[in-house]
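Visitor: If you're matching them up, the sequences are chains A and B in order.
Position one of the first sequence corresponds to residue 166 (the working numbering), numbered consecutively onward.
Position one of the second sequence corresponds to residue 121 (the working numbering), numbered consecutively onward.
No residue lacks a Cβ here, since even glycine has one placed at the ideal position from N, Cα and C.
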Amino acid sequence: MLGASLDVGCWMLELLIFPMSEATVILDANAIGRALTRTAHEIAERNENSVEVVLIGIPEGGVPLAQRLGKILSEIWKISVPIGSLDVSMHRDDLDQRAAPKIHPTKIPFDVNGKIVVLVDDVLFSGRTIRAALDALNDFGRPMKIQLAVLIDRGHRDLPIKADFVGKNVPTAANEKVHVRIGEKDEVILERK
Amino acid sequence: MSWNKKHLLDIESLTADEIVTVLDTARAFKAVGERAIKKVPALRGKTVVNLFIEPSTRTRISFELAAQRLTADIVNFSADASSFKKGETLKDTAKNLEALNADFIIIRHSASGAPHFLSRVVNASIINAGDGAHEHPTQALLDAFTIREHKKKIVGLNVTILGDILYSRVARSNIWALTKLGAKVTLCGPSTLVPKTFEQMGCRVTHEVDEAIRDADIIHLLRIQHERQRKTMFPSIGEYTTLFGLNKARLAKTKSDALIMHPGPINRGVEIDSEIADCSRSLILEQVTNGLAVRMAVLFLLNGGKGPQEVAT
Numbered sequence: 166m167l168g169a170s171l172d173v174g175c176w177m178l179e180l181l182i183f184p185m186s187e188a189t190v191i192l193d194a195n196a197i198g199r200a201l202t203r204t205a206h207e208i209a210e211r212n213e214n215s216v217e218v219v220l221i222g223i224p225e226g227g228v229p230l231a232q233r234l235g236k237i238l239s240e241i242w243k244i245s246v247p248i249g250s251l252d253v254s255m256h257r258d259d260l261d262q263r264a265a266p267k268i269h270p271t272k273i274p275f276d277v278n279g280k281i282v283v284l285v286d287d288v289l290f291s292g293r294t295i296r297a298a299l300d301a302l303n304d305f306g307r308p309m310k311i312q313l314a315v316l317i318d319r320g321h322r323d324l325p326i327k328a329d330f331v332g333k334n335v336p337t338a339a340n341e342k343v344h345v346r347i348g349e350k351d352e353v354i355l356e357r358k
Numbered sequence: 121m122s123w124n125k126k127h128l129l130d131i132e133s134l135t136a137d138e139i140v141t142v143l144d145t146a147r148a149f150k151a152v153g154e155r156a157i158k159k160v161p162a163l164r165g166k167t168v169v170n171l172f173i174e175p176s177t178r179t180r181i182s183f184e185l186a187a188q189r190l191t192a193d194i195v196n197f198s199a200d201a202s203s204f205k206k207g208e209t210l211k212d213t214a215k216n217l218e219a220l221n222a223d224f225i226i227i228r229h230s231a232s233g234a235p236h237f238l239s240r241v242v243n244a245s246i247i248n249a250g251d252g253a254h255e256h257p258t259q260a261l262l263d264a265f266t267i268r269e270h271k272k273k274i275v276g277l278n279v280t281i282l283g284d285i286l287y288s289r290v291a292r293s294n295i296w297a298l299t300k301l302g303a304k305v306t307l308c309g310p311s312t313l314v315p316k317t318f319e320q321m322g323c324r325v326t327h328e329v330d331e332a333i334r335d336a337d338i339i340h341l342l343r344i345q346h347e348r349q350r351k352t353m354f355p356s357i358g359e360y361t362t363l364f365g366l367n368k369a370r371l372a373k374t375k376s377d378a379l380i381m382h383p384g385p386i387n388r389g390v391e392i393d394s395e396i397a398d399c400s401r402s403l404i405l406e407q408v409t410n411g412l413a414v415r416m417a418v419l420f421l422l423n424g425g426k427g428p429q430e431v432a433t
């Protein structure tokens, strides 16, 4: 029961309750930093007209990553890059199949019409969050282009969705979990059961 | 964040955590209402029935718009234009609605406990939109939302509810919600309408209006529910206004940041002076706006199924 209700924030608790599960740090702070720097340069290379680019993070994991990428891009381009956050929970396709998800604030303090929107998320897995995000973004306007940047692509797609920028490809089994923690101590953990 | 309920029948059975979950969720839905496109597909394909056996404008329209903004289909059903007039029972009406595959039934009824009864006889999610003098849970949730938005917290606030408490479902739901969230609730009004027994619900009862509102952060006014009173509970409306109506002189003796709330419909010149109802300290119309967001949040949360909250990435 407890195992079923865990989320990214309380994976440690699960480790205490299920000592059988095994967790490995697959990216440490340095590796995350390098991956984000490379991703930012790839975004800059792909989009020459920097004034058109805006970053939108998907809560919770994508928001701090969008901020990190925005900071690096601002240094590359010498202009400040607009950053927003887009909650996708109202657009999910599984709303009546599990407890209602926690909703996070959507903050898009700029016009997305005609912009190149880079959606940012921490882990790309089934692709369902990104499908919901594309749908949610529709309500805010018609961007010129939408691109996708993720820190981890762990495979196992349910939908025809592909990231434009990937920090690291991590082959996983379906029953494994990937936890991205960005904050005081950056790390990516692969948990096996 | 926690929500595993199928029905919203009352505030009494909710935990503080569940109330806060509704308020937090409502914040996101309020933002949706401020966008150019005010609609999200969260309840696409669901059917909502407004089963209003008692008259209502505000609550019915609010639920109707809430369902529409979540992309649900909604049917309105009112007592005077229905088979109730032909002698059909509430259970049979509900069973018929269920046969049409209604996913949600929002019920307002003059009998306390009618929503609880429905939740036992049909499979749809039941939302109580007011049952007799018992509870009006979404009103209390929108009131708590409005208070929290203005005062940034609820714990420790002095909230005075002034008026007809005895016949008020709004008062009962508010007392439950506010005390669970840690506010200090004072009830005031004529002794016939504010009996001391309400102290058992964890609030203070007084019949001195100036004393009741002196230290209040929130003054919550209630209408006299003539339709529920079997006999006259006080000598005259004029006397009620003189003794308990909120006017400029009374308001001058309250804290300068005390805010005024009223669930509507207001009776101008009875429980509230017209001028005060429209002043900057009055949150009456904001309550209406927030009601829509709160009802969207309630429908959204009840729509969730069983199982973990975790979502597929």
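Within 10 angstroms of the Cβ of Leu238/A, are there 16 or more other Cβ atoms? Answer buried if so, exposed if not.
Guide: Flag for Leu238/A reads buried.
Visitor: Would a check of beta-carbon distances place Gly425/B closer than 8 Å to chain A?
Guide: It does; some Cβ of chain A falls within 8 Å.
Visitor: With distances taken Cα to Cα, identify the nearest neighbour of Val329/B among Val418/B, Asp200/B, Thr299/B, Gly365/B.
Guide: With distances taken between Cα atoms, Val329/B lies closest to Gly365/B.
Visitor: Looking at the C-beta of Asn294/B, does it have a partner C-beta in chain A at a distance below 8 Å?
Guide: Judged by the 8 Å Cβ criterion, Asn294/B is not in contact with chain A.
Visitor: May I ask which residues mark the beginning and end of the alpha helix (DSSP H) holding Val228/A?
Guide: Segment 227-242, the alpha helix (DSSP H) holding Val228/A.
Visitor: Per DSSP, Ser245/B is paired with what?
Guide: Paired residues: Phe224/B.
Visitor: For Gly174/A, decide whether its Cβ has a neighbour in chain B, counting only Cβ atoms nearer than 8 Å.
Guide: Per-residue confidence for Gly174/A stands at a pLDDT of 48, beneath the threshold of 50, marking its modelled position as unreliable; no derived number is given.
Visitor: Rounded C-beta distance between Leu419/B and Leu190/B? I'm assuming under 8 Å.
Guide: Going by Cβ atoms, the distance from Leu419/B to Leu190/B rounds to 6 Å, so yes, they are a contact pair.
Visitor: Below 8 Å CB to CB, which residues in the same chain sit around Ser170/A once its five sequence neighbours on both sides are set aside?
Guide: Only weak support exists for where Ser170/A lies, its pLDDT of 43 falling under 50; the value from the coordinates is given anyway. So the list is empty, once near-sequence residues are dropped.
Visitor: Checking 8 Å against the spacing of the C-beta atoms, do Ser293/B and Gln259/B come in under that value?
Guide: Yes, the pair counts as a contact, with Cβ atoms nearer than the cut-off.
Visitor: One question on the structure: do Ala315/A and Val335/A come within less than 8 Å of each other, judged by their Cβ atoms?
Guide: Looking at the sequence itself, residue 315/A is Val, so the reference to Ala does not match. No, they are not a contact pair.
Visitor: Going along the chain, which residues of its own chain have a beta-carbon closer than 7 Å to the beta-carbon of Asp352/A, five neighbours each way excluded?
Guide: Before going further, note that residue 352/A is Glu rather than Asp in the sequence given. For Glu352/A, where only same-chain residues beyond five positions count, the Cβ hits under 7 Å are Val190, Leu192, Asp193, Ala194, Arg346.
Visitor: Our contact map puts Glu341/A next to Leu355/A with C-beta atoms below 8 Å; I'd like the distance itself, whole angstroms only.
Guide: Their Cβ separation, rounded to whole angstroms, is 6 Å, which keeps Glu341/A and Leu355/A in contact under 8 Å.
Visitor: Would Pro274/A and Gly249/A be called neighbours here (beta carbons separated by less than 8 Å)?
Guide: Yes, the pair counts as a contact, with Cβ atoms nearer than the cut-off.
Visitor: What does the alpha-carbon distance come out to for the pair Arg147/B and Gly389/B?
Guide: For Arg147/B and Gly389/B, the distance between alpha carbons rounds to 33 Å.
Visitor: What does the Cβ neighbour count give for Phe290/A, buried or exposed, with the cut at 16 atoms within 10 Å?
Guide: It is buried - the Cβ of Phe290/A has at least 16 other Cβ atoms within 10 Å.
Visitor: Within a Cβ cutoff of 8 Å, which residues of the same chain sit near Thr141/B, ignoring the five residues on either side of it in sequence?
Guide: Met121, Ser122, Trp123, Leu421, listed in sequence order.
Visitor: Could you give the DSSP three-state label for Gln259/B: helix, strand or coil?
Guide: Helix, per DSSP.
Visitor: Quick check on Arg189/B - is its C-beta less than 8 Å from some C-beta in chain A?
Guide: No - not a single Cβ of chain A is within 8 Å of the one on Arg189/B.
Visitor: With three or more beta-carbon pairs closer than 8 Å as the criterion, would you say the region 218-228 of chain B touches the region 400-411 of chain B?
Guide: No: the two stretches stay apart, fewer than three of their Cβ pairs being nearer than 8 Å.
Visitor: Below 8 Å on the Cβ atoms is my guess for Asp261/A versus Arg293/A; work out the distance and round it to an integer in Å.
Guide: That belief does not hold up - the Cβ atoms of Asp261/A and Arg293/A are roughly 14 Å apart, past 8 Å.
Visitor: Leaving out five residues before and five after Arg415/B in sequence, what residues of the same chain have Cβ atoms less than 7 Å from its Cβ?
Guide: Counting only Cβ-Cβ distances below 7 Å, and skipping sequence neighbours, we find Ser182, Phe183, Ala186, Thr258.
Visitor: What three-state label does DSSP hand Asn170/B in the structure shown?
Guide: Note: Asn170/B maps to strand in three-state DSSP.
Visitor: Kindly list the residues whose CB is nearer than 6 Å to the CB of Gly250/B, restricted to its own chain and excluding five residues on each side of it in sequence; keep chain order.
Guide: Excluding sequence neighbours, Gly250/B sits near Arg228, His256, Arg289.
Visitor: Mark His344/A as exposed unless 16 or more other C-beta atoms lie within 10 angstroms of its C-beta, in which case mark it buried.
Guide: Under this definition His344/A is a buried residue.
Visitor: Which residues of the region 402-419 of chain B have a Cβ closer than 7 Å to any Cβ of chain D? Give them in chain order.
Guide: Here the protein chains are A and B, and chain D is not one of them.
Visitor: Go through its chain and collect everything with a Cβ distance to Lys211/B's Cβ below 7 Å, but skip five positions before and after it.
Guide: Val241, listed in sequence order.
Visitor: Are the Cβ atoms of Leu251/A and Ile223/A separated by less than 8 Å?
Guide: The answer is yes: Cβ separation under 8 Å.
Visitor: Sort out for me which residues DSSP pairs Phe330/A with in a bridge.
Guide: The partner list for Phe330/A (beta bridge, DSSP) reads Ala314/A.
Visitor: For Leu171/A, which three-state DSSP category applies?
Guide: Residue confidence for Leu171/A is low, a pLDDT of 41 falling below 50, so the modelled location carries little weight and cannot support an answer.
Visitor: I need the DSSP call for Phe305/A, collapsed to helix, strand or coil.
Guide: Three-state DSSP puts Phe305/A in coil, outside helix and strand.
Visitor: Taking C-alpha atoms, which residue in Ala332/B, Ala219/B, Arg180/B, Ala336/B lies nearest to Ile274/B?
Guide: Of the candidates Ala332/B, Ala219/B, Arg180/B, Ala336/B, the one whose C-alpha sits nearest the C-alpha of Ile274/B is Ala336/B.
Visitor: Across which residues does DSSP place Ile285/B in a beta bridge pair?
Guide: Ile285/B pairs with nothing; no bridge assigned.
Visitor: Looking only at its chain, what residues have a beta carbon closer than 6 Å to the beta carbon of Val277/A, apart from the 5 residues adjacent to it on each side?
Guide: Contacts found: Phe305, Gly306, Pro308.
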